[in-house]
Amino acid sequence: MTREKLGKDAIAAALAELGGWSLATDGASIKRSFVFKNFSEAFAFMTRVALAAEKMDHHPDWSNVYKTVDVTLNTHDAGGVTALDIALAKKMNLYFGG
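Here the sequence shown is numbered in the working numbering, starting from 18 and rising by one per residue.
Spelled out as structure tokens, the structure:
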């Protein structure tokens, strides 16, 4: 998978297919909040995503407060959103169930 920065049109097309994700205010990242029933479900989600991210060698910027996981994705060395970010966002949606 490429680490080349995607153009605005490619990002917009990807976001149209990624439920819940939006372009961050910086224009160089995508973001989403995931809300779970409780902390245990949120932590289990983060654990599952962490294992996938390690395999991809691509890691999210994220935070967790109780049952909410806030995620921002970009590829730092590319200076924006790449196919890696889109692929990880798709995995997160799959793990979340939507």
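Using N, Cα and C, we set each Cβ at its ideal position, and we do this for glycine too.
Please read these numbers as outputs of a predicted model, since none were measured by experiment.
Residue i: which of the options sits nearest, CA to CA?
{"i": "GLY44", "options": "GLU21, VAL98 and TYR83", "result": "VAL98"}
{"i": "LEU90", "options": "SER57, LEU40, ALA67 and PRO77", "result": "PRO77"}
{"i": "MET86", "options": "LYS48, LYS72 and ALA104", "result": "The sequence given here places Val at residue 86; Met does not occur at that position. Of the candidates LYS48, LYS72 and ALA104, the one whose C-alpha sits nearest the C-alpha of VAL86 is LYS48."}
{"i": "SER39", "options": "ASN81, LYS107 and GLY114", "result": "LYS107"}
{"i": "ALA30", "options": "ALA100, ASN81 and SER57", "result": "ALA100"}
{"i": "SER80", "options": "LYS72, VAL66 and GLU71", "result": "VAL66"}
From the DSSP output, in three-state form, read off residue i for me.
{"i": "ARG49", "result": "strand"}
{"i": "ASP26", "result": "helix"}
{"i": "ASP87", "result": "strand"}
Taking its Cβ as the centre, do 16 or more other Cβ atoms sit within 10 Å of residue i, making it buried, or is it exposed?
{"i": "MET63", "result": "buried"}
{"i": "THR92", "result": "buried"}
{"i": "PHE56", "result": "exposed"}
Where do the N-terminal and C-terminal ends of the beta strand (DSSP E) with residue i fall, by residue?
{"i": "ASN81", "result": "78 to 82"}
Do residue i and the ligand GDP come close, with the Cβ less than 7 Å from some heavy atom?
{"i": "ALA70", "result": "You won't find the ligand GDP in this model; it holds no ligand whatsoever."}
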